[in-house]
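Undergrad: One structure coming up, written as C-alpha cells, with questions to follow.
Residue numbers (the working numbering): 4 to 344.
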C-alpha cells in the first residue's frame, strides 16, 4: 500500500485532501497519540495543520457542520466486524449514493459520503444516512455531523478524525479500503481522485421517494422501545394498493416478492405478510391457463423479501409499471427520469 504519489507535490496533496475533509475553518480537534487524550483547538485550519496530520505529527479532527451545511456525512461503525459497513455501502449504492469505507484509528470503520463543494443541508444528509442505517438494522450507529445545524447552543458540533494520519497509514489504519477485499487501496491519493461527489438533488429524490420527514432525523431506528412494534413511516404506494386489491395476471412470483418488500417496509410481521399474500393470490387471474401461485411459493418469496432489507418499489420493472398511477407521489419524478413509472 502506498499513500504517496511522486507525481503530486505536497501542495497538491494538501489541496486534494482539503477538498474532501473540510468544515469549520477556525477550529479543529486533535489528540495525543501517546495518551489518547483529545481536545479542541480554536485555531485556523491551515495548510500546516493538514501537513502535520499527513506527516503523523498532530492529528486533525474536522468539524463537518458549517451552519446548516456539510460537505460530507459519515457513518461511524464502532466495532471490528466489517459486515455492516459493507452492507451500508451496498444499500447506499442501491440509491446511487457512492460510499467509501475507511478504517478508523483504533477499531471499527467510517463510511464516508461526499457532496459537491457547494455543500448540502446536513439535515438531508443525516436523514438519508439514518434511513439506510435503519434498513441494515444498525440504527444506533453514530452519524457525523451529529446535529442538523449550529445555533446559539451548538457552537461547533462534533469533530471526526480525518483519514490518512501519517503514523497510522503504514499500519493499515485511517486508510480507505476496498469493500470486496477489505484491503487498503494501493495508492490513497489516486483513490481520492476517483471519489464521486453527489448533489443535493439526489438526496431530495431519496427523501421524497421514501417519504422521509425531518422529524426522523432526530432519532435513529424504526423500532419503538419496549416492544416489537414498528413505526409506519411510509404507507403503501398506490401501485401496491392496486395490486393487493385487484390481483395480477402476470409475473405472480415477482409481484409477490415486490408486495412482500412493501409489506415489510410498513412494519408488517412475516406471518401477517404471508396471510395477506395468500388472500391476494385468490384474486389473481393468470393468463395463458397458468396456475395461481401456491402457498409454498408465497412463503418462499416472502422469506426472501424479509431476509434482507429492500426499500425500492421497483417502479422501473414491467410487473410494477402496469399498475402505475398518475396520483402516486413517485410518478412525476419517475416520469422526469424517463422510467416506466
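Cβ coordinates follow ideal geometry from the N, Cα and C atoms, glycine included.
Roughly how many whole angstroms lie between the Cα atoms of residue 290 and residue 95?
TA: Their backbone Cα atoms lie some 38 Å apart in a straight line.
Undergrad: List the endpoints of the continuous alpha helix (DSSP H) containing residue 32.
TA: Premise fails: residue 32 lies in the beta strand (DSSP E), 31-34, not in any alpha helix (DSSP H).
Undergrad: Helix, strand or coil, according to DSSP, for residue 26 in the structure here?
TA: Coil.
Undergrad: Ordered along the chain, which non-local residues of its own chain (more than five positions away) have a Cβ less than 7 Å from that of residue 61?
TA: Only 33 and 55 meet the Cβ criterion.
Undergrad: With distances taken from CA atoms, which of 112, 174, 175 and 117 is nearest residue 145?
TA: Cα-wise, what sits closest to residue 145 is 112.
Undergrad: Tell me the rounded alpha-carbon separation between residue 177 and residue 105.
TA: When rounded, the distance between both Cα atoms is 6 Å.
Undergrad: Can you list, in chain order, the residues of its chain with a C-beta nearer than 7 Å to that of residue 25? Leave out the 5 residues immediately preceding and following it.
TA: Hits under 7 Å: 65 and 74.
Undergrad: Any chance you could list the alpha helix (DSSP H) runs of at least 4 consecutive residues sitting entirely within the segment 52-106, in chain order?
TA: Listed in chain order, the complete alpha helix (DSSP H) runs (minimum 4 residues) inside the segment 52-106 are 86-97.
Undergrad: Look up residue 194 in the DSSP assignment and say whether it is helix, strand or coil.
TA: Of the three classes helix, strand and coil, the one that applies to residue 194 here is helix, per DSSP.
Undergrad: Taking the alpha-carbon positions, what's the residue 44 to residue 70 distance?
TA: Cα-Cα distance, rounded: 19 Å.
Undergrad: Can you give the Cα-Cα distance for residue 305 and residue 247, rounded to whole angstroms?
TA: In a straight line, the C-alpha of residue 305 is about 15 Å away from that of residue 247.
Undergrad: For residue 279 and residue 266, which I take to be in contact (beta-carbon distance under 8 Å), what is that distance rounded to the nearest angstrom?
TA: Sure, about 6 Å apart at Cβ, within 8 Å.
Undergrad: DSSP state of residue 163, grouped into three classes?
TA: Three-state DSSP puts residue 163 in a strand.
Undergrad: Please list the terminal residues of the continuous alpha helix (DSSP H) segment that includes residue 41.
TA: That residue, residue 41, is in no alpha helix (DSSP H); its beta strand (DSSP E) goes 41-44.
Undergrad: Buried or exposed: which applies to residue 10, given that a residue is buried once 16 or more other Cβ atoms fall within 10 Å of its Cβ?
TA: Result: exposed.
Undergrad: What number of angstroms, rounded off, separates the C-alpha of residue 41 from the C-alpha of residue 180?
TA: Going by the C-alpha atoms only, they are around 26 Å apart.
Undergrad: Which complete alpha helix (DSSP H) runs does the segment 239-286 hold, if anything under 4 residues is left out?
TA: Within the segment 239-286, the complete alpha helix (DSSP H) runs of at least 4 residues are 241-249, 255-268 and 273-284.
Undergrad: So residue 134 packs on residue 68, CB below 8 Å; how close in whole Å?
TA: No, residue 134 and residue 68 are not in contact; Cβ-Cβ is about 19 Å, not under 8 Å.
Undergrad: Label residue 122 either buried or exposed according to how many other C-beta atoms from any shown protein chain fall within 10 Å of its C-beta, with 16 as the threshold for buried.
TA: Its Cβ being crowded by 16 or more others within 10 Å, residue 122 is buried.
Undergrad: To the nearest angstrom, report how far apart residue 229 and residue 160 are at their CA atoms.
TA: Low confidence applies here, because residue 229 scores a pLDDT of 31, under 50, leaving its location unreliable; read the following figure in that light. Approximately 30 Å, taken between the alpha carbons.
Undergrad: Could you give the residue range of the beta strand (DSSP E) that holds residue 145?
TA: That run of the beta strand (DSSP E) goes 145-147.
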